[in-house]
Structure formats: structure tokens, C-alpha cells
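In what follows, a structure is listed as C-alpha cells, so that the remarks can point back to it.
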Amino acid sequence: MTGPDPAAAPSGDVAARATAGFRQRYGTQPAGRWAAPGRVNLIGEHTDYNDGFVLPFALPLRTVVAAAPGDDERWTVCSELDDDAVEFGPDEADEPGRVTGWAGYVAGVVWALRAAGHAVPGARLAIASDVPVGSGLSSSAAVESAVLAALVELGGLDLPAERWPRLAQRAENEYVGAPTGIMDQSAVIRGRAGHALFLDCRSEEVEQVPFDLDAAGLAVLVIDSRAPHRHADGEYASRRRSCEEAAQALGVAALRDVDLADLDATLDKLPDDETRRRVRHVVTEDQRVLDIVALLRAGRVRDIGPLLTASHASMRDDFEITVPEVDTAVEAALAAGAYGARMTGGGFGGCVLALVDADSADAVAAAVSTAYAERGFAAPGAVTVRPAAGAARLD
Ligand code: GLA
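Per the working numbering, the sequence shown starts with residue 5, numbered consecutively.
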């Protein structure tokens, strides 16, 4: 039950699949392979675009890009998701939205690099991935980041890794058109094994916070809710808009600037109950991130559980981004003994994470499956994860 989820990814080693895909498509060996992981967010949801705090970590599930230099200013990319390769040149790359579907993330990276003034080398690329698509584990950030790592190195571009997250985010915001924050790309690029990434989304300062689950006898169980995405894009954009309008109404640059100590008085200044609840989620969530970071710094991993669960309640009741499947998974995990559980990611489906004793992970996963069956939901997926390394060249 808690091994790699067989329904989530094609079988075989992902790096070998990328090489095989490259050789099959282009009839030659790649010049190199670059990997970038998916991520889960331990805590700090919908705080990134409010200039706040997040604490994600990179997953052992990876996307691998096998690549080699190609013709000048032509990019060809194939993926195991698709029988057909996609080829584009500067015309398509320079017009946001022109290349669509999964290849849009690749074209978006080329666009973002060119927009930042870099001479992007023509390239042939083949993508293979173990990061499930549409589960809220940032499969898109993984593709962007692996492609970015490949193009930076193939082109010998002068672009330090600290600047990659913003660039990959621009690919997603401006080329693909999804108004996401900086968290996913930061986790995927800057994540470190055994650590969670404490990121101040305003200054982009990071602290690698030790998150040693094994030493504490604990596990993070990631449960794929398998909930069909319900208008996730429109709802995400509308939450972001509400936050920005609220910040403007309150006369602050971003909701990060609202002081928790004055929260009630601040909320009274807002025009309606829905906006008040949106703001309360963001402001209290920022504080929960800080509280969890303090506990982890003190080595008190088990004690973060109640804060995880409080985050879920805030997303359910105030930010209103959960769905019955994820609420069911959280309740069932807690009833089966999890120390804490919450939905992770943008919402409206996706994954739940639960902090559990390592030796009870199977029992918690089974309890969630039973609760799902009782409600007639499609069976959930479950896998235990540890914080893994961020984007890197493989060989
Ligand atoms: C998605 C976005 C992130 C972040 C989360 C919510 O994953 O890509 O930028 O806003 O939702 O925390």
C-alpha cells in the first residue's frame, strides 16, 4: 500500500526511460540528463503570492530531461506522455501561449530565458517523469526546472541557481498563463535531502530546516485524493485576486504585512465576511509556518501535528479550497492515529499529507481507503516520502 504508487507512473527507472526516449526519437545518445523533483508543501498554503512564508520539501519522485544541442534556435521536445514530438522556433517561443499543453512549459522556459536576455541554445529534449500529473505535486515545476537546468548548462548561460525559481515562475505565469507563486519552483530547485525549505517569499531568503523523519521514527504519508479537479484554475485565480484586493483595501503591500496581534481589528475594516475569512487564513497560516519552523529547529518533529491539522481547518473553513475527498482523507488519517494531516498544494483536489509513526503508515493508509470506500469515492493512492534533493545534473 505505501510503496510507490503503481498507477501514478510508468514502470522502470525514470532516468533510463528518458535516455531510451531520447535515443528512440533522435537516434543518438543525449549529451546529458538533468533531473528535477516534485514537491509537497509541509505548511504555508496560498501564502507565497501574499509575500509570506512557506515550508515545502522536494520529493524523491523526479522528472528527467535527456538533452543534446540541436539546430540553432530550434527546440524539439518529446515526452512519454505523448506519441508526437513538438518542435518550435523563436516565433512560437516569443509569443506567450502559442505552444500549448505539456510542451508549453518547455516553450515557457525558452521564452523566459530569452526575455531575460539569454542566448538560448537550440536543443533536442526527451522528458520522462515519475511525478504524477494533476495530483498537486508540481509536475509542471519539475518539467520547467529540469528543462531550465539542461538549457543553462548546454548553453553555458551565466545564470546562478538562486535566480532559476523566478525565471521558471515567469514561464508558468506569463507563457503558460497560470498565476502561481514562487513556492513550487523554489522547492523543486532549492530543496535539499533531509530538510524542509523555509522560504521568505518576499526576500527569497531560504533556510534549510532539518526534517529528519527517520530519526524521529516518523513518516510523511502522501495520500493522492484522486478527486477530479473542480475548476481549480479559476478558483486559484479568484483566491489570489481576493487577497490582492484585501491588501489594497487595508493599505498594505501584501497580506504578509498584516500583524497577527491586530488581526481582529484589521478584519473589522474589511467589507464582507468572505474577504475577512480569506485574510484570516493567510495571516494565521504565515504564523503556523513560523511556529512549525521553530519546532523543527528545536527537533520537536512530532509536535508539529496539531499545526498541520489547524492549517487544514483554515483551508476548509476560511479559504474554502478543500473538497469532500481531501476532508475525508484528513479525518480518516487523524482517526487512525496521525499526529496531524492537511491538504497540500493549491487545493480543489490533489494530495493530503499526514504525519504518522513510521510503523503505522500502512494502517493509516488502509483507514483512508476504507473511509473512501464507505463514501463511494474512487480509491486513493498512498506513498511515504522523505525530503529529497532539488534539481541537478545526473551524469
Ligand atoms: C500552487 C501554486 C503555488 C502556491 C500553492 C498554494 O501549488 O503553484 O505557487 O500558491 O498552489 O500554496
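All C-beta atoms, glycine included, are put in the ideal place defined by N, C-alpha and C.
Exposed or buried, which one is residue i when buried takes at least 16 other CB atoms within 10 Å?
i	result
D55	buried
D87	exposed
R282	buried
T388	buried
P136	buried
A298	exposed
D272	exposed
S242	exposed
G341	exposed
G48	buried
R230	buried
D23	Going by the sequence as given, residue 23 is Thr instead of Asp. Classification for T23: buried.
P41	buried
P391	buried
Q189	buried
D134	buried
D277	exposed
G344	buried
G121	exposed
T374	exposed
P8	Because the pLDDT at P8 is just 42, under 50, the model does not fix this residue reliably, and the point stays unresolved.
G105	exposed
A336	buried
G385	buried
A339	exposed
In terms of DSSP beta bridges, what is residue i paired with?
i	result
W38	V69 and R397
A361	According to the sequence as given, residue 361 is Asp; it is not Ala. The partner list for D361 (beta bridge, DSSP) reads L222.
E289	None, per the DSSP bridge assignment.
S149	DSSP output for S149 lists no bridge partner at all.
S315	S315 is not bridged to any residue.
A200	V213
W79	F92 and A127
I427	The question about residue 427 has no answer here: the residues shown for the chain are numbered 5 through 399.
G344	L359
F57	D204
N45	P60
Alpha carbon to alpha carbon, how far is residue i from residue j?
i	j	result
R284	A358	24 Å
V262	R29	53 Å
F57	E208	10 Å
G221	D361	6 Å
P10	A383	Residue placement at P10 is poorly supported in this model, since its pLDDT is 36, which falls under 50; the coordinates still yield a value, given next. Roughly 13 Å separates the two Cα atoms.
G160	F26	21 Å
Q173	R244	15 Å
Q291	F92	45 Å
E176	A119	13 Å
D162	L171	13 Å
L294	A127	42 Å
V44	G140	8 Å
C205	A250	19 Å
I227	T32	39 Å
V124	A20	26 Å
R280	G353	24 Å
V18	I308	33 Å
A393	L117	24 Å
R346	D95	43 Å
E157	A150	11 Å
R196	A154	19 Å
W79	R260	40 Å
A367	A223	12 Å
Measuring alpha carbon to alpha carbon, tell me which residue in the options is nearest residue i.
i	options	result
A219	A191, G126, D322 and R304	R304
V327	A258, P73 and A236	A236
L152	A111, P183, V180 and A191	A111
L300	P214, E278, A107 and V58	P214
G74	L129, C247, V256 and E84	L129
C2	L46, T23, V18 and F26	In the structure as shown, the chain starts at 5 and stops at 399, and residue 2 therefore has no counterpart that could be examined.
G16	A132, I296 and A119	A132
V81	V58, Y109 and L59	Y109
I193	E176, L158 and A146	A146
E239	G350, L59, A365 and P125	G350
L59	H316, M187, T288 and Q252	M187
L274	E248, E289 and I296	E248
V210	V156, F202 and T374	F202
T348	W106, L225 and S144	L225
T288	H316, A253 and D307	H316
V69	R78, S246 and A107	A107
W115	E77, G198 and Q212	E77
Taking 9 Å as the threshold (beta carbon to beta carbon), is residue i in contact with chain C?
i	result
P34	Looking at the structure shown, chain C is missing, and only one protein chain is on hand.
Is the stretch 41 to 56 in contact with the stretch 85 to 102, if contact means three or more CB pairs nearer than 8 Å? The stretch 41 to 56 is not in contact with the stretch 85 to 102.
Is there contact between the stretch 181 to 201 and the stretch 263 to 274, where contact requires at least three CB pairs shorter than 8 Å? no
Taking one C-beta from the stretch 31 to 49 and one from the stretch 391 to 398 each time, how about it: are there three or more such pairs within less than 8 Å? A contact exists between the stretch 31 to 49 and the stretch 391 to 398.
Within 8 Å, do at least three Cβ pairs link the stretch 307 to 314 to the stretch 59 to 68? no
Looking at C-beta atoms only, is the number of pairs between the stretch 68 to 83 and the stretch 162 to 178 that lie closer than 8 Å three or more? no
Say whether the stretch 317 to 331 touches the stretch 81 to 95, bearing in mind that this needs 3 or more beta-carbon pairs closer than 8 Å, one atom from each stretch. Touching, no, given that fewer than three Cβ pairs across the two stretches are closer than 8 Å.
Can you find at least 3 beta carbon pairs, one from the stretch 372 to 379 and one from the stretch 330 to 340, that sit closer than 8 Å? yes
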